[in-house]
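Residue numbers (our numbering): 16 to 323. All C-beta atoms, glycine included, are put in the ideal place defined by N, C-alpha and C. This structure is a prediction, so every number in the text was calculated from the model and none was measured. For reference, the structure discussed in these notes is given below.
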Ligand code: CP
Ligand code: NVA
């Protein structure tokens with residue numbers, strides 16, 4: 016039996032397939048331009064298909080964009096929050112995956128433990144989509160590259176600076192540097208440096224990656240500056256963490272080091288006054304709202320690739 020097409024991480028998918036997903040997302044976005052929200056697409060490649068979405072942790076964008084995307088493609092969804100399932104009463108993710116695979120055509124999982132995703136994948140017989148773990152957020156990266164390219168042209172050759180925690184979203188940006196060709200400079204406090212494994216993989220696959228503690232150095236001449244929450248869903252909040260990350264805030268002074276027309280990106284949810292000032296995220300350089308919209312279009316590229 017052939018293996019299902021899982022969408023698990025940007026480093027595990029062929030570069031041409033990733034580009035195909037983005038092309039599909041862009042084409043579907045263009046085809047819908049001018050239509051009212053909620054209308055179903057003309058062609059319905061996922062008619063009769065059902066996606067189960069399992070949320071061990073909360074979500075606004077991932078939940079709604081997958082749900083709407085699936086419906087626009089003619090399919091349906093079942094949303095399962097962790098307390099809707101038997102997981103809290105000791106049923107394993109392995110058994111949950113075995114059983115869900117008998118009912119639905121694909122499973123999306125958001126969880127704080129990447130091991131839980133791996134356990135699901137090992138036992139599911141339908142495609143599994145990583146809707147964020149403590150280790151990565153590949154669906155977000157697809158929407159982010161789509162947004163960057165809409166505003167600044169091909170990702171290849173651009174300079175992207177990451178400011179803050181070397182977290183799950185940073186890991187997907189690192190993987191993306193090898194797949195999409197942008198130079199990536201990550202400025203993170205030493206205890207919050209990004210995954211060495213991801214950096215090694217990306218460099219071995221041709222990516223230009225710098226990891227530094229100097230945020231001004233990272234941002235100097237950048238085309239795009241990216242930040243994310245200082246405290247991710249899987250992290251313990253602490254005053255130490257905030258103090259460590261405070262110098263990495265994206266504000267007007269920091270953006271002055273980037274190119275004059277540099278853009279700012281953030282996957283949301285944002286914390287104004289922490290990782291970014293209101294002036295930047297709500298200002299003219301911010302692409303945050305286009306990124307959020309593009310989650311919908313990118314999910315449709317991912318869904319049609321997994322289920323096509
Ligand atoms: N960016 C993102 O994944 O948002 P949600 O947590 O709301 O899904
Ligand atoms: N790094 C954040 C991203 C949220 C979409 C988190 O994991 O909470």
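- Our two residues, residue 305 and residue 84, have alpha carbons roughly 16 Å apart in a direct line.
- Under the DSSP definition of a beta bridge, residue 287 partners with 291.
- The segment 51–70 makes contact with the segment 120–135: 3 or more CB pairs, one atom from each, lie closer than 8 Å.
- Less than 8 Å divides the Cβ of residue 242 from the Cβ of residue 265.
- Residue 96 sits in a strand when the DSSP states are folded into three classes.
- Around the Cβ of residue 309, a 10 Å sphere holds 16 or more other Cβ atoms; the residue is buried.
- Checking the DSSP bridge columns, you'll see residue 227 partnered with 202.
- Here the segment 167–178 makes contact with the segment 232–249; the two share three or more CB pairs at distances below 8 Å.
- Under the DSSP assignment, residue 270 falls in the alpha helix (DSSP H) whose first and last residues are 267–270.
- Relative to the non-hydrogen atoms of the ligand CP, the Cβ of residue 152 comes within a distance shorter than 7 Å of at least one.
- Taking C-beta separations shorter than 6 Å and ignoring five residues to either side along the sequence, the partners of residue 152 in its chain run 183, 184, 187, following chain order.
- Between the beta-carbon of residue 197 and that of residue 170 there is about 5 Å, and that keeps the pair under the 8 Å contact cut.
- With a minimum length of 3 residues, the unbroken runs of beta strand (DSSP E) contained wholly in the segment 159–189 fall at 174–178.
- Fully contained in the segment 118–148 are the following beta strand (DSSP E) runs of length 3 or more, in chain order: 121–125, 143–145.
- Under the DSSP assignment, residue 80 falls outside any beta strand (DSSP E), being part of the alpha helix (DSSP H) whose first and last residues are 76–87.
- The three-state reading of DSSP puts residue 156 in helix, counting H, G and I together.
- Distance check between residue 205 and each of 42, 315, 262 places 262 closest, using alpha-carbon atoms only.
- According to DSSP, residue pairing for residue 242 in a beta bridge involves 178, 281.
- Setting aside the 5 residues that flank it on each side, residue 127 is surrounded in the same chain by 71, 72, 148, 149, 248, 249, each with a C-beta closer than 8 Å to its C-beta; the list follows chain order.
- Proximity of the beta carbon of residue 282 to the ligand NVA is indicated: a heavy atom of the ligand is located closer than 7 Å.
- Between residue 259 and residue 300, the C-beta spacing is not below 8 Å.
- Annotation for residue 36: the continuous alpha helix (DSSP H) segment containing it runs 30–47.
- As DSSP reads the structure, residue 69 sits in a beta bridge with 95, 124.
- Annotation: the continuous alpha helix (DSSP H) that includes residue 315 extends over 303–322.
- When the Cα atoms are used, residue 239 and residue 167 turn out to be separated by approximately 9 Å.
- Shortest gap from the CB of residue 97 to any heavy atom of the ligand CP: 7 Å or more.
- Residue 78 and residue 49 have their C-alpha atoms roughly 24 Å apart.
- A distance below 6 Å between beta-carbons, with the five flanking residues on each side excluded, links residue 246 to the following residues of its chain, in chain order: 252.
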